[in-house]
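In our numbering, the protein residues as written are 49 to 289. Virtual Cβ for every residue (Gly too), placed ideally from N, Cα, C. What you are looking at is a predicted structure, and each value in this text was computed from that prediction instead of being measured. So the structure is just underneath, and the comments pick up after that.
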Ligand code: ADP
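Structure follows, in structure tokens:
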């Protein structure tokens, strides 16, 4: 689904986390938000998810204005850096949780739920681990469970906040390629936050460079890398052209 963000601003006390941020994410796109720590990336995701209300601006999901809609009504999938899986629940139960929190009208009965959980686990190639507990899995596998749980809501947009930040370089790289393939294959619309330029340039259809709550540049990975639009982008990407 198209996600449109218009002129968002958000302050926390005297600190401006977002200032005049506008962005269109097209249906089927994987957009990376790239920027240093503290530049407002997570705040932007939280506003889209409904976990923060902006001071100014609007959020649109397709033709529907979502700015003030409660998080539970937005059908947003969220994957965080630190898995946030329930430790006392099996992999199966963790993914089923994503289905049980859906509004009653969209909640499947027991058999449909089981089938759907297995389908989601197959999608992330973890059906064999259904009865394991998170502690029995590697970091990369846990993050795939978190992704299956996020997909359970049939998200209109998938928000990923440094999802591979806690993993080592080799696993990150594998997961990055795998996520991009999965994204394209099942036709998701995703926003992927990272402070790692290599990750952003490799995974995304388009990259948005953030600095101090503002957008410095939006473009394809090639455009951003080859033609940094501002001194900040030039220095952040650390490239001498
Ligand atoms: P990023 O994801 O780019 O690291 P964030 O969006 O997390 O940046 O945060 C930007 C800044 O906003 C943070 O440095 C923090 O000081 C401030 N901030 C974020 N959330 C809150 C909050 N709930 N209360 C106060 N300050 C906050």
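Segments assigned alpha helix (DSSP H), at least 4 residues, entirely inside the segment 220–278: For the segment 220–278, whole alpha helix (DSSP H) runs of length 4 or above, ordered along the chain, are 245–251, 269–274.
8 Å Cβ cutoff met for residue 193 and residue 125: Counting from one through the chain shown, the residue named residue 193 turns up at place 145. Counting from one through the chain shown, the residue named residue 125 turns up at place 77. Going by C-beta atoms, residue 193 is not nearer than 8 Å to residue 125.
Three-state secondary structure (DSSP) of residue 142: As a first step, residue 142 must be located in the chain shown, where it is residue number 94. In this structure, residue 142 counts as helix in the three-state DSSP scheme.
Distance cut-off 7 Å: residue 68 Cβ against heavy atoms of the ligand ADP: As a first step, residue 68 must be located in the chain shown, where it is residue number 20. The answer is no for residue 68.
From 85, 199, 273, 172, residue whose alpha carbon lies closest to that of residue 237: Numbered from its first residue, the chain shown carries residue 237 at position 189. Residue 237 has its Cα closest to that of 199, out of 85, 199, 273, 172.
Check: residue 242 C-beta below 7 Å from any heavy atom of the ligand ADP: As a first step, residue 242 must be located in the chain shown, where it is residue number 194. No; taking the cut-off as 7 Å, the Cβ of residue 242 has no heavy atom of the ligand ADP nearer than that.
Coarse secondary structure for residue 285, derived from DSSP in three states: Taking the first residue of the chain shown as 1, we reach residue 285 at position 237. In the structure shown, residue 285 sits in coil (DSSP, three-state: anything other than H, G, I, E or B).
Option nearest residue 152 by Cα separation, candidates 120, 141, 82, 270: The count along the chain shown starts at 1 and reaches residue 152 at position 104. Checking every option, the nearest Cα to that of residue 152 belongs to 120.
heavy atom of the ligand GTP below 7 Å from residue 89 C-beta: Absence of the ligand GTP is noted for the structure shown, with the ligand ADP being the only ligands found.
Rounded straight-line distance, which links the Cα of residue 91 to that of residue 67: The residue given as residue 67 occupies position 19 in the chain shown. The residue given as residue 91 occupies position 43 in the chain shown. Residue 67 and residue 91: Cα-Cα distance of roughly 11 Å.
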